[in-house]
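Colleague: Under this note's numbering, think of the first position of the sequence shown as 719, with each following residue one higher.
C-beta atoms are modelled at their ideal positions from N, C-alpha and C, and glycine is treated no differently.
Note that the structure is predicted; figures quoted are calculated from it, not measured.
Mind looking over this structure? Questions follow.
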Amino acid sequence: MAGAYFHIPFCKRACAYCDFHFSTSTKGRDALLDAMEKEMLLRSKEIGDAPVGTLYFGGGTPSLLEPARIASFIQLARDLFRVQRDAEVTLEANPDDIASERLEQWKSMGITRLSLGTQSFREDRLRWMGRAHDAEQALKSIGLIAKAGFASWTIDLIYGLPGMTLAEWDEQLTIALDHGMPHLSAYCLTVEPRTALAHQVNKAVVTMPDDDAQSAQFDRLMERMEAAGLDHYEISNFGLPGHHSRHNTSYWEGVPYLGIGPAAHSFDGSKRRWNVANNARYVKGVLEGAPHWEEETLTPEQRTNERLLTGLRTSQGVDLARLELDVPGLQRKAVERWMATGHLEHRDGRLVLTSAGRHFADRIASDLFFTDDDR
Ligand code: SF4
719 MAGAYFHIPF CKRACAYCDF HFSTSTKGRD ALLDAMEKEM LLRSKEIGDA
769 PVGTLYFGGG TPSLLEPARI ASFIQLARDL FRVQRDAEVT LEANPDDIAS
819 ERLEQWKSMG ITRLSLGTQS FREDRLRWMG RAHDAEQALK SIGLIAKAGF
869 ASWTIDLIYG LPGMTLAEWD EQLTIALDHG MPHLSAYCLT VEPRTALAHQ
919 VNKAVVTMPD DDAQSAQFDR LMERMEAAGL DHYEISNFGL PGHHSRHNTS
969 YWEGVPYLGI GPAAHSFDGS KRRWNVANNA RYVKGVLEGA PHWEEETLTP
1019 EQRTNERLLT GLRTSQGVDL ARLELDVPGL QRKAVERWMA TGHLEHRDGR
1069 LVLTSAGRHF ADRIASDLFF TDDDR
């Protein structure tokens, strides 16, 4: 089993908090998309005969593309790879690109799942974030998607915003749940280096909320989603049964995937590769056959650490039998410490975070990491 990811690096505007690779210029867009199709042709053998269960168009803003262009990527993937008949095909879309006709086009070309970059339903928040859509578009788009008949759909919301109260966060969740949302990705705002937000925080124009406020909003999120019957299957992801993201679940389980486009990552089970995060250099590299990527073969320590980092974030936890190195044997003290404080538990041969532990997932994982000194 494998998956394929397509990175479409174009956005209408730069959101203040975003550190993904994208460009707000449309210059050279067709040449870049042509290069991506060429990269698919050049690398199709890497997937071989493995059945491909998921295709994912992310970015950037893939919903900016003409539907015919997305259809052409899907068709090429079906020509080159053994894409399963019931494959999950996800498209990330922004509210300002949603219209009834467009939804029908996406559905008819084989998109099965839409991921809507809502982030907030409030006008002041959307403006502050620098989003291209307004509150009216956020509300209208979720209404249209809910009725459009996709096999599944999801929205993104951001909490932990400066000055956000529990009442505001509740209101956001209520709006989403009232539309019958089957899946939610909820992210706590983080300040990434070299973003407009980082600049504002450094200049003291913006004050980020403290850990307690963000933690209370995460607790409220878990309570509300549990009450609505959505499984908390990964730290930031909640879904009704049958609506969990198959693409992201495969990624967390270490399933190989092919990443096409600038800044896209690939993993073949032992080697990780990442394409250059520069549109012009990517196109030149693909067209001239020059290296436009870097790669590394993971050591057993790195593979184990990756399994810990991604696995501990999921409700299934980490299957100890699948780790290449013996965590309880080598990191017993760290495991015991987090178990004693009620953050971590053993469940049927797996290491799983408790509800309290979910607040510290990355910290706990890094505490269990192997270093060269552990060998
Ligand atoms: S639309 Fe998405 S990818 Fe583009 S700048 Fe905003 S957050 Fe980043």
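1) Hey, which unbroken runs of the beta strand (DSSP E) at 3 residues or more fall wholly within the segment 999-1081?
2) Considering only residues of the segment 882-938, which uninterrupted alpha helix (DSSP H) runs meet the minimum length of 4 residues and lie entirely inside it, listed in chain order?
3) In the DSSP output, what is Lys989 paired with across the bridge?
4) What span of residues does the beta strand (DSSP E) with Ser833 cover, start to end?
5) So, using beta-carbon positions, are His950 and Phe956 closer together than 9 Å?
6) Following the continuous beta strand (DSSP E) through Glu952, name the residue where it begins and the one where it ends.
7) Looking at Arg731 and the ligand SF4, is the gap between the Cβ and the nearest heavy atom below 8 Å?
8) Considering just the uninterrupted stretch of the alpha helix (DSSP H) at Thr967, what are its terminal residues?
9) According to the neighbour-count rule (16 or more other Cβ atoms, all chains shown, within 10 Å of its Cβ), is Val923 buried or exposed?
10) Kindly indicate the opening and closing residues of the alpha helix (DSSP H) around Ile816.
11) Bridge partners for Ala720 per DSSP, in chain order?
12) Under a Cβ-count criterion, where at least 16 other Cβ atoms within 10 Å of its own Cβ denotes burial, should Gly777 be classed as buried or exposed?
13) Give the range of the beta strand (DSSP E) segment to which Asp737 is assigned.
14) In this structure, does DSSP put Asn996 in helix, strand or coil?
15) Among the residues of its own chain, which have a CB less than 7 Å from the CB of Arg843, if the five just before and after it don't count?
16) Report yes if the C-beta distance between Ala720 and Val919 is below 9 Å; otherwise report no.
17) Classify Gly979 as helix, strand or coil using the three-state DSSP reduction.
18) Per the DSSP calculation, Leu875 is bridged to which residue(s)?
19) Pick helix, strand or coil for Arg800, following the three-state DSSP scheme.
20) The beta strand (DSSP E) that contains Gly861, what's its start and end?
21) Kindly indicate the opening and closing residues of the beta strand (DSSP E) around Gly957.
22) Quick one, are the C-beta atoms of Tyr774 and Ala722 less than 9 Å apart?
23) Kindly indicate the opening and closing residues of the alpha helix (DSSP H) around Lys763.
24) Roughly how far, in whole angstroms, is the beta-carbon of His1061 from the beta-carbon of Ala1074, given that I think they are within contact range, below 8 Å?
25) Please name the residue, chosen from Ile765, Asp888, Asp814, Leu907, that lies closest to Ile863 on a Cα-to-Cα basis.
26) Please name the residue or residues paired with Thr744 in a DSSP beta bridge.
27) Keeping to the same chain, check which residues put their C-beta closer than 8 Å to that of Pro785; ignore five residues upstream and five downstream.
28) Would you kindly check if the distance between the Cβ of Glu755 and the Cβ of Ser984 is under 9 Å?
29) Relative to the C-alpha of Thr1015, which candidate in Ala904, Arg991, Arg1031 has its C-alpha closest?
30) Pull up the distance between the alpha-carbon of Asp748 and that of Ser833, whole angstroms please.
31) Since Ala817 and Thr772 are thought to touch, with beta carbons under 8 Å apart, how far apart are those beta carbons, to the nearest angstrom?
32) Give me the Cα-Cα distance between Arg1076 and Val1070, rounded to the nearest whole angstrom.
33) Note down the Cα distance separating Ala981 from Arg1055, rounded to an integer number of angstroms.
34) Output the distance between the C-alpha atoms of Glu944 and Gly746, rounded to the nearest integer angstrom.
35) Where Gly766 and Leu1041 are concerned, what is the direct C-alpha to C-alpha distance, given to the nearest angstrom?
Modeller: For this structure:
1) Runs found: 1011-1015, 1062-1065, 1068-1071.
2) With a minimum length of 4 residues, the unbroken runs of alpha helix (DSSP H) contained wholly in the segment 882-938 fall at 884-896, 914-920.
3) Position 271 of the sequence shown, counted from the start, is the residue given in the question as residue 989. DSSP, once it has assigned bridges, lists Thr1015 as partnering Lys989.
4) Position 115 of the sequence shown, counting from 1, holds the residue named residue 833. Unbroken beta strand (DSSP E) run through Ser833: 831-837.
5) Translated into the one-based positions of the sequence shown, residue 950 becomes position 232. Translated into the one-based positions of the sequence shown, residue 956 becomes position 238. A Cβ-Cβ contact shorter than 9 Å links His950 with Phe956.
6) Taking the sequence shown and counting its residues from 1, the one referred to as residue 952 is at position 234. Note, Glu952: beta strand (DSSP E), 949-952.
7) Stepping through the sequence shown from its first residue, residue 731 is reached at position 13. Within the cutoff, so yes.
8) Working through the sequence shown from its first residue, we reach residue 967 at position 249. For Thr967, the uninterrupted alpha helix (DSSP H) segment begins and ends at 964-970.
9) Working through the sequence shown from its first residue, we reach residue 923 at position 205. Label assigned to Val923: exposed.
10) Counting from one through the sequence shown, the residue named residue 816 turns up at place 98. Taken as a continuous stretch (DSSP letters only), Ile816 belongs to no alpha helix (DSSP H), as it is neither H nor E.
11) Within the sequence shown, the letter at position 2 stands for residue 720. Residue pairing by DSSP places Ala720 opposite Val770 in a beta bridge.
12) Locating residue 777 in the sequence shown gives position 59, where the first residue counts as 1. Classification for Gly777: buried.
13) The residue labelled residue 737 in the question sits at position 19 within the sequence shown. Judged by DSSP secondary structure, Asp737 falls outside any beta strand (DSSP E); it is assigned neither H nor E.
14) Residue 996 sits at position 278 when you count from the first residue of the sequence shown. Residue state, collapsed to three classes: coil.
15) Reading the sequence shown from its first residue, position 125 is the one you call residue 843. Cβ-Cβ distances below 7 Å link Arg843 to Leu879 in the same chain, with the five nearest sequence neighbours on each side left out; the list follows chain order.
16) By 1-based counting over the sequence shown, the position of residue 720 is 2. By 1-based counting over the sequence shown, the position of residue 919 is 201. A distance of 9 Å or more separates the beta carbons of Ala720 and Val919.
17) Position 261 of the sequence shown holds residue 979. Reduced to three states, the DSSP call for Gly979 is coil.
18) In the sequence shown, counting from the first residue as 1, residue 875 sits at position 157. Beta-bridge pairing links Leu875 to Gln837, Ala904.
19) Along the sequence shown, one-based indexing puts residue 800 at 82. The DSSP-derived three-state label of Arg800 is strand.
20) For the purposes of this step, residue 861 is taken as residue 143 along the sequence shown, with counting starting at 1. Gly861 -> not in any beta strand (DSSP E); alpha helix (DSSP H) instead, spanning 853-866.
21) Within the sequence shown, numbered from 1, the residue matching residue 957 stands at position 239. Element bounds for Gly957: 955-957.
22) Start at 1 with the first residue of the sequence shown, and residue 774 comes out as number 56. Start at 1 with the first residue of the sequence shown, and residue 722 comes out as number 4. The beta carbons of Tyr774 and Ala722 sit closer together than 9 Å.
23) To locate residue 763, count along the sequence shown from 1; it is residue 45. Start and end: 747-765.
24) The count along the sequence shown starts at 1 and reaches residue 1061 at position 343. The count along the sequence shown starts at 1 and reaches residue 1074 at position 356. Sure, about 5 Å apart at Cβ, within 8 Å.
25) Walking along the sequence shown from the start, residue 863 turns up at place 145. Considering only alpha carbons, the answer is Asp814.
26) By 1-based counting over the sequence shown, the position of residue 744 is 26. When DSSP reads this structure, Thr744 sits in no beta bridge, so it has no partner.
27) As a first step, residue 785 is located in the sequence shown; it is residue number 67 there, counting from the start. Answer for Pro785: Arg820, Gln823, Trp824, Met827, listed in chain order.
28) Position 266 of the sequence shown, counted from the first residue, corresponds to residue 984. Position 37 of the sequence shown, counted from the first residue, corresponds to residue 755. No.
29) Position 297 of the sequence shown, counted from the first residue, corresponds to residue 1015. For Thr1015, the closest alpha carbon among the candidates Ala904, Arg991, Arg1031 is that of Arg991.
30) Working through the sequence shown from its first residue, we reach residue 748 at position 30. Working through the sequence shown from its first residue, we reach residue 833 at position 115. Rounded to the nearest whole angstrom, the CA to CA distance from Asp748 to Ser833 is 24 Å.
31) To locate residue 817, count along the sequence shown from 1; it is residue 99. To locate residue 772, count along the sequence shown from 1; it is residue 54. Actually they are not in contact, since the Cβ atoms of Ala817 and Thr772 sit about 26 Å apart, beyond 8 Å.
32) Position 358 of the sequence shown holds residue 1076. Position 352 of the sequence shown holds residue 1070. Using only the alpha carbons, I get a separation of about 10 Å.
33) The sequence position of residue 981 within the sequence shown is 263, counting from 1. The sequence position of residue 1055 within the sequence shown is 337, counting from 1. Computed Cα separation, rounded: 38 Å.
34) In the sequence shown, counting from the first residue as 1, residue 944 sits at position 226. In the sequence shown, counting from the first residue as 1, residue 746 sits at position 28. Approximately 46 Å between the Cα atoms of the pair.
35) Indexing the sequence shown from 1 puts residue 766 at position 48. Indexing the sequence shown from 1 puts residue 1041 at position 323. If you take the alpha carbons of Gly766 and Leu1041, they lie about 26 Å apart.
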